[in-house]
Every structure is written in C-alpha cells, then in structure tokens.
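Visitor: Residue numbers (the working numbering): 1 to 510.
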Amino acid sequence: MFEVQYTDLAARIGRLETRHGSVETPAFVPVIHPVKQTIEPNKLKMIGFELLITNAYITKKEYGDDANDIHRIINFDGPVMTDSGGYQVLEYGDIDVNPKDMALFEERIGSDIAIPLDKPTGFKLERSVAESYVDKTLQAAKETIETVNNNKTIWVGPIQGGEHLDLITSSAKSLDMLGYNMFALGSPTEVMESYEFKLLAMMIISAKKSIPSSKPLHLFGAGHPLTIPLAVALGCDTFDSASYMLYARDNRYMLPNATVKLEELNYLPCVCEVCNNYKANELRELEDAQRFRELAIHNLYIIKREVDAVKQAIIDGRLWEYAVQKAMSHPRLAETLDVLKENSDYLEEGTPVSKSKAVFLFSEIDQYRPEVRRFRKMVQKTSSTKNVLLLLPEPDKHPFYTQYNELRKMLDCKVQLGYYSPFLGVVPEEISDLFPAAHHVAARVKFDPDKFETFGDALTSYIKNNKFKQIIAVVDDFLEDFLKQLDEKVTLLPYASNMKDIANAVNEVK
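(1) When you compare only the Cα positions, how much space is there between Ile463 and Thr385?
(2) Are Ile73 and Tyr57 closer than 9 Å when you measure CB to CB?
(3) Exposed or buried, Thr7, counting other C-beta atoms within 10 Å across all chains shown (16 or more means buried)?
(4) Do three or more CB pairs link the region 185-194 to the region 158-165 at distances below 8 Å?
(5) Taking the Cβ atom as the reference point for each residue, do Val560 and Pro449 lie within a distance shorter than 9 Å?
(6) Say whether the region 333-352 touches the region 409-419, bearing in mind that this needs 3 or more beta-carbon pairs closer than 8 Å, one atom from each stretch.
(7) Does the beta-carbon distance from Ser344 to Pro370 come in below 9 Å?
(8) If you follow the alpha helix (DSSP H) that Asn42 is part of, which residue opens it and which one closes it?
(9) Helix, strand or coil: how does DSSP classify Arg376 here?
(10) Please classify Ile115 as buried or exposed, where buried requires at least 16 other C-beta atoms within 10 Å of its C-beta.
(11) When you compare only the Cα positions, how much space is there between His298 and Met245?
(12) Measure the alpha-carbon distance for Thr259 versus Pro229 and round it to whole angstroms.
(13) Any heavy atom of the ligand ZN closer than 8 Å to the CB of Glu190?
(14) Could you work out which residue in Leu9, Glu3, Asn150 is closest to Val324 when comparing CA atoms only?
(15) Would the region 376-391 and the region 33-40 be scored as touching if the rule is three or more Cβ pairs under 8 Å?
(16) Are the beta-carbon atoms belonging to Phe447 and Phe478 less than 9 Å from one another?
(17) Just to confirm, are Tyr401 and Ser432 a CB contact at a threshold of 9 Å?
(18) Assuming Asp237 contacts Pro26 under a Cβ cut-off of 8 Å, what Cβ separation, rounded to an integer in Å, is found between them?
(19) Check for me: the alpha helix (DSSP H) holding Glu17 runs from which residue to which?
(20) Just how far apart, CA to CA, sit Gly48 and Phe197?
(21) By DSSP, does Thr25 sit in helix, in strand, or in coil?
(22) Within 10 angstroms of its Cβ, does Glu406 collect 16 or more other Cβ (buried), or is it exposed?
Structure (structure tokens):
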C-alpha cells in the first residue's frame, strides 16, 4: 500500500497505492466541496494535485441514497479521500449520523481513502473532556472496522488528544491495534491558528513514535507553506486544507513565508499563471467571484511550490537546512527548533548515513542535526594507541589529512592527529575522510562556547576514552575555554603557529 523511496530526517518520499492510482507523498490534499466547487477538480489535477479530499457527511446530506460514486459526483478520476464529518462536529457540535452508517456510506460511494466519524479534541479542552473525546473516537473507529468489508478502501485511524500528548500516544497505539493501515492526526487546526507551532511539532512526534514507521500519517488542516516543511520533516506524509480558498475569500495572498492582504501589494512576487496575467491593481479590481478564484489558484501554486521544494530537499539531503531556514521566518515557528534539538534520536532514524552533498553548518542549532550527532557518537567508539594527542584547528580544505602532510612528516608516528570543530567535536585523522567530517562547510565566524554544550561532552569523552600522556592543542578562543575545564595537562600553542613550531613543540614532549 505504501512504499518509501527516499528519506531524510523523519520525512520520506513514497508512493501511496489506491484503487484509482498512486499518490506521491508528501502530498498536499486540497479540500473541495462535493457540490459547490469554485476550483474544478480537473484544474486541481492540472496544477499537480493527485489526491483530493471531500466531505462524505455533506455528500450524504445533499444526495442521500442517490450517492453511489464519489468520483462521478465531484467529476474526478483520481484518488479521493473522504472525511466523515469530524470537522462539522468540531465546528457545529454533534451531527445526526452514527459511525456505522457513515462507514457504510463511505464504502458505498467508493472512497479510496476513508476517515471514520470521529470526535475531534480541538484545543484547550480540560483533560477529562479530551479523554472522553478520545474514547468516543476509539469506539467509533472500532465500530467502523467491524462494519466495513471492502478491503479496497484504505481506512484512516483518527488520532485525537489535542495538547495532551499522552492521550495522543495512547490513541495512536489503540488505533494501530485495531488494524488501521493509515493514520491521521486530528485537531491541529486550532493549534496552528493560535501559532502554537512548538506544540504542533510535539503532537506530530507523539503520534509518529506510537505508530509503525511503515504506515503513513495524515495531518488535518495543514495548508500554509510555513508549516509544511516542519510537518514533513517530522514525518507527516499527507496533509489537507481548504486554506487556499479560505484565504482567497478573505483577499489574502499566499507567499512562501507569509500571507498578506491583496491591498498591501504593489507587485505580485510570483510567476504562476495568475500572477503572470495580472498586475496587483488589476487583480484587486476583478469582480469578487473572479478575484476569489484567481487568488485561490495562486495560493494553490504556492502550496504546490512548497511541497515540491520540500521533496527536492529530501532528495538532496538538505531538509534540515531547509526546515531550519523556514523556521526562522516567524518567531513562533523558530520555537520548534527546540523540538528538533530534543528529538535528534528520532530524526536520526530516517537520515541517511552518507549523502552526496556537503552538510552546511551555520549556527549552534546545527550541532544537533542527525548527521553531526551520529558522527560524534562514532568518534566515541574509536580508540588510539598513540601517547600524544595533537589537536589542530579545522582546515579550510577536506579531508583533513591533505592539509597536514608536511606536518605529519615532521612528527613522531606515535602522535594522534585530529582537528576540532564546534559542531563535530574531535575529528581523529583516521576517520577524517568520512561523512560528514570531509563533507561539510561551516560558517567561518566566532562561535560562542557557551552555546555549544555538545562540544565539551565530545572533547571530554574522547580524551577519557583514550590514554594520552600528553595533549597539545593549537588553540583559538573557542577551544581554550573548554580546555580549562579538563583535568588533563594540556600544552597550548598559539592559533597562528606555523607547521615547524607545532612540530617542534610536539617533538619536545613526546
């Protein structure tokens, strides 16, 4: 059903197979009304969206027993996902339908991917209320699985719990035990509308850690380019929203990093078909219906552009850089960097051991990126038979040993050469040609030692794991601060020392 092709962090590019064709993930799933379609499904397909989602509850209310094929109803020949009315419950309270009837209806209309009738937790509910909603959702999910018999439909287990992360965990595990092959994290819309992106990240990770990695995860209500890289990096495979239309109706124009009112724009900073056809003032002067449509189409192109940019970042092995860059677009989104830092183990699982492109290291957050963290752990497993450790500054060129051939000839062979990096810690010569030691570019700026807690741990561990009788270091301000904390005796050489001076200092103590 779901095949993973590429991974980076917790993200993956994969193929989700349905009876109406396959869908490449990560995928944005536009929400469409089953009756009132401002943007026709074929137009959505032309823009590049392979999977659509519509509301089975509204379909049932509009068509009743006459509804027999959702693809015919919305005039779309690709895969269709149906929501059974959970959003209506969240917005308007209880609705006049039960889980069994909705399950049979979704099955009858030929939904490719179907969501049982759930009870959305929403946001800022008391724990006891949230827990009761989770229980109701699980009961509905159980009734659904016991009712349906069409194995061609992919049934999605709706994970609820809101900000109560332990409820998300228990909900996800219970749904997995019921036999669901795909999951959806519910109730994030209000969290995102409140700009609680850090909480959103924690919710996603809680859900992902509680379900098998082989099964895809859908995220309800994620339709802004700002949140897409974060959601994908943390493991979401599909995500739906009507944002493209809702923003358009409010005269809001999507940008990659923001949403602005159309009246604020003198220029249209985009090259989609809409922005190529109109100037900003011309778009403003259109009749309401036409303007809404054109804005919605533009917004869809921006979302599609973002999804494609994330996919390319996954293939290039640069999703960390892209997600961090995107996070710095808004102060509340920047708070999610703490979640990346605290969940480096989780992100490491899907990060390739080696990559074809160099790793870029900009600031202290990059000491926690999975490739860097993995390398530091590898260094701790290495041992040296040498008596003397010579720590050198990171060279401008990699691998490390190519820049110190002359120095090596001047030294006794029992000297352990290595360089130090604020990010990688100690890099012994013997493994300096491995990824990412020989395949990274670090910013040449003065880093604050107080912000690199991992360096002190890496340095101390490496020295304690070996039996060096003497440590000699060519120091800068960064390294000197850490060496003062060591119990071992260290000979310090000035940062600007030449090769001959370094060799003489080493040979005097060997």
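Note that beta-carbon positions come from the ideal geometry of N, C-alpha and C, so glycine has one too.
Guide: Looking at the atomic coordinates:
(1) The sequence position of residue 463 within the sequence shown is 463, counting from 1. The sequence position of residue 385 within the sequence shown is 385, counting from 1. C-alpha separation (whole angstroms): 12 Å.
(2) Along the sequence shown, one-based indexing puts residue 73 at 73. Along the sequence shown, one-based indexing puts residue 57 at 57. Not closer than 9 Å, so no.
(3) For the purposes of this step, residue 7 is identified with residue 7 of the sequence shown, where counting begins at 1. So Thr7 ends up on the buried side.
(4) yes
(5) Lying before the first or after the last residue shown, residue 560 is absent from the chain, which here runs from 1 to 510.
(6) no
(7) Taking the sequence shown and counting its residues from 1, one reaches residue 344 at position 344. Taking the sequence shown and counting its residues from 1, one reaches residue 370 at position 370. Cβ atoms of Ser344 and Pro370: closer than 9 Å.
(8) In the sequence shown, residue 42 corresponds to position 42, counting from 1. 41-47 is the span of the alpha helix (DSSP H), which, as asked, contains Asn42.
(9) Here residue 376 refers to the residue found at position 376 of the sequence shown. Helix at Arg376.
(10) For this step, residue 115 is matched to residue 115 along the sequence shown. By the neighbour-count rule (16 or more Cβ atoms within 10 Å), Ile115 is buried.
(11) Counting from 1 along the sequence shown, the entry for residue 298 is found at position 298. Counting from 1 along the sequence shown, the entry for residue 245 is found at position 245. The alpha-carbon atoms of His298 and Met245 are separated by roughly 10 Å.
(12) Residue 259 sits at position 259 when you count from the first residue of the sequence shown. Residue 229 sits at position 229 when you count from the first residue of the sequence shown. Using only the alpha carbons, I get a separation of about 16 Å.
(13) With respect to the ligand ZN, the structure offers nothing, as it holds no ligand at all.
(14) Locating residue 324 in the sequence shown gives position 324, where the first residue counts as 1. Closest by alpha carbon: Leu9.
(15) no
(16) Mapped onto the sequence shown, residue 447 falls at position 447. Mapped onto the sequence shown, residue 478 falls at position 478. Closer than 9 Å, so yes.
(17) Within the sequence shown, residue 401 is the residue found at index 401, counting from 1. Within the sequence shown, residue 432 is the residue found at index 432, counting from 1. Yes. Within cutoff.
(18) Taking the sequence shown and counting its residues from 1, the one referred to as residue 237 is at position 237. Taking the sequence shown and counting its residues from 1, the one referred to as residue 26 is at position 26. Yes, they are in contact, since the Cβ atoms of Asp237 and Pro26 sit about 6 Å apart, within 8 Å.
(19) As a working note, residue 17 is residue 17 in the sequence shown. Here Glu17 belongs to no alpha helix (DSSP H); instead the beta strand (DSSP E) covers 11-18.
(20) Looking up residue 48 in the sequence shown gives position 48. Looking up residue 197 in the sequence shown gives position 197. If I take the Cα positions, the gap works out to 27 Å.
(21) Taking the first residue of the sequence shown as position 1, residue 25 is located at position 25. It is a strand residue.
(22) Locating residue 406 in the sequence shown gives position 406, where the first residue counts as 1. Exposed, by the Cβ-count rule.
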